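I have placed the structure first, in the form of structure tokens, so that the comments after it can refer back to it.
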Amino acid sequence: MNQNATVSIAASGDPAFACGQNDSKILLAVQDLVRHYLLPRETLFGPPPLVRALNGVSFEVPAGRSLGIVGESGSGKSTIARIVMALDKPTSGRVLLDGRDLNALPARELRAARRDFQMVFQDPYGSLDPRRTVARIVTEPLEALAGAGAGASRAARREQAAEALAAVGLRTSDLHKYPHEFSGGQRQRIAIARALITRPRLIVADEPVSALDVSVQAQVLNLMQDLQQQFGISYLLISHDLAVVNHLCDEVCVLHRGLVVERGTPQHLFAHAEHPYTQKLLAAVPRAEPGPPAPPPPGT
Ligand code: ADP
Ligand code: MG
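Counting with my numbering, you get residues -8 to 291 for the letters of the sequence shown.
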């Protein structure tokens, strides 16, 4: 248990931010993340322009719970995702997964630790290699672990791939197919199976349903919810759409210009949003509560 994370929640003093104060252990603690990008100089003697993508972001995700990050394009959401996934380093601040500082791990340990956290990307078309079969795609994280000396045999990998596909509602016979043979919703199921295959404790999903039709969005979010109950996964769910995070998340952080300007349960934000930026995001949501999911149309 990370003591610092517990203290920072208690110190936040926000009654709406109740999730971290329950009995759940903190799985992910993000502490005061700053990420500034230096761009190439525009003039010979001028200073290089600085992009302040993150300006001190802190939040916690308890084990088995979901935290939403919502904000408009350019607010810093994907930068958070990359840093949490240890694909980018912060300018300052820390990412603790189960108390371990990911940036401080030696490369070999980090590769092995990747078993615990996986990612689902936005674009179900671009994020799956069109030349690879579903079997190859879904077992990619296992190949990476094999490189870290923690891999399984080929037969065992295939077995795991079949199990992961079954968990997301696809068939073993789909293992031989290629991404172009699937709809957008099915492709996102494949991407979720790829994330699931290492049995991660945390899944970071960056705009996982933004490219999908609204009815398909609800199905994918419901699937993610089912998987959470089944496997006890925690989600860091990133979206520009408050309705999407409301569907799945126990609590939400509103990100604006690289800062968390408001946080609370979805119910609290819908009823008592204080920050004008949150109110603007709320105004973009057609209904306060997303309705029950539509029955699945065939082939999604
Ligand atoms: P979001 O995902 O919320 O749309 P991003 O995290 O992608 O936002 O970007 C936040 C800000 O950081 C934007 O102004 C973006 O242009 C900038 N940014 C992101 N990545 C880089 C990079 N590698 N180099 C320079 N600027 C970047
Ligand atoms: Mg983004």
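Here a beta-carbon is modelled for each residue, glycine too, at the ideal position from N, C-alpha and C.
Keep in mind it's a predicted model, so treat the numbers as computed, not measured.
Candidates the options: closest to residue i by CA position
i: Arg106; options: Val61, Ala137, Ser57 and Pro38; result: Ala137
i: Arg102; options: Thr163, Ala77 and Pro121; result: Ala77
i: Leu272; options: Gln219, Val235, Asp241 and Arg178; result: Val235
i: Leu30; options: Pro40, Leu24 and Leu212; result: Pro40
i: Val207; options: Arg180, Ala184 and Arg190; result: Arg180
i: Gly160; options: Met215, Phe108, Leu35 and Gln270; result: Met215
i: Ser15; options: Ser64, Asp89, Thr70 and Ser49; result: Asp89
i: Asp217; options: Arg162, Ala153, Leu239 and Ala98; result: Leu239
CA-to-CA distance, residue j to residue i, given in whole angstroms
i: His266; j: Pro115; result: 33 Å
i: Glu134; j: Ala155; result: 15 Å
i: Ser118; j: Gly175; result: 11 Å
i: Glu33; j: Ile229; result: 33 Å
i: Ala209; j: Ser83; result: 37 Å
i: Arg192; j: Ala54; result: 8 Å
i: Pro38; j: Ile60; result: 32 Å
i: Ala146; j: Ile128; result: 15 Å
i: Ser164; j: Thr124; result: 11 Å
i: Phe222; j: Ala182; result: 17 Å
i: Gly62; j: Leu233; result: 8 Å
i: Ala157; j: Leu45; result: 38 Å
i: Val260; j: Glu100; result: Before going on, a small fix: residue 260 reads as Leu here, not Val. Near 39 Å, if we compare the C-alpha coordinates of Glu100 and Leu260.
i: Ser64; j: His231; result: 7 Å
Same chain, Cβ closer than 6 Å to residue i, neighbours up to 5 away in sequence not counted
i: Arg85; result: Gln22 and Asp92
i: Tyr268; result: His247 and Val252
i: Ala(-4); result: Annotation note: pLDDT 34 at Ala(-4) (below 50); position unreliable, no value reported.
i: Ala274; result: none
i: His27; result: Leu41, Arg43 and Thr82
i: Arg190; result: none
i: Gln258; result: none
8 Å Cβ shell around residue i - same chain, five flanking residues per side excluded
i: Arg149; result: Ala126, Thr130 and Leu166
i: Gln151; result: Thr130, Leu133, Ala143 and Ile188
i: Gln113; result: Asp197, Glu198, Pro199, Ser201 and Ala202
i: Met110; result: Ala72, Met76, Ala186, Ile194, Val195, Ala196 and Asp197
i: Val211; result: Gly176, Gln179, Arg180, Ile183, Pro199, Val200 and Leu203
Short Cβ contact (9 Å threshold) for residue i with residue j
i: Leu246; j: Lys68; result: yes
i: Val243; j: Leu96; result: no
i: Gly47; j: Gly255; result: no
i: Asn237; j: Val276; result: yes
i: Leu35; j: Ile74; result: no
i: Ala262; j: Gln270; result: no
The ligand ADP heavy atom lying under 8 Å from the CB of residue i
i: Tyr268; result: no
i: Asp197; result: yes
i: Thr294; result: Not covered by the structure: residue 294. The range shown for the chain is -8 to 291.
i: Val42; result: yes
i: Ser118; result: no
i: His263; result: no
Cβ-heavy atom distance, residue i to the ligand MG, below 8 Å
i: Ser15; result: no
i: Ile74; result: no
i: Gln210; result: no
i: Ser174; result: no
i: Ser69; result: yes
Residues near residue i in its chain [Cβ-Cβ closer than 7 Å; skip 5 each side]
i: Pro121; result: Tyr169, Pro170 and His171
i: Arg56; result: Cys10, Ser15, Ser225 and Asp241
i: Ala153; result: Thr163 and Leu166
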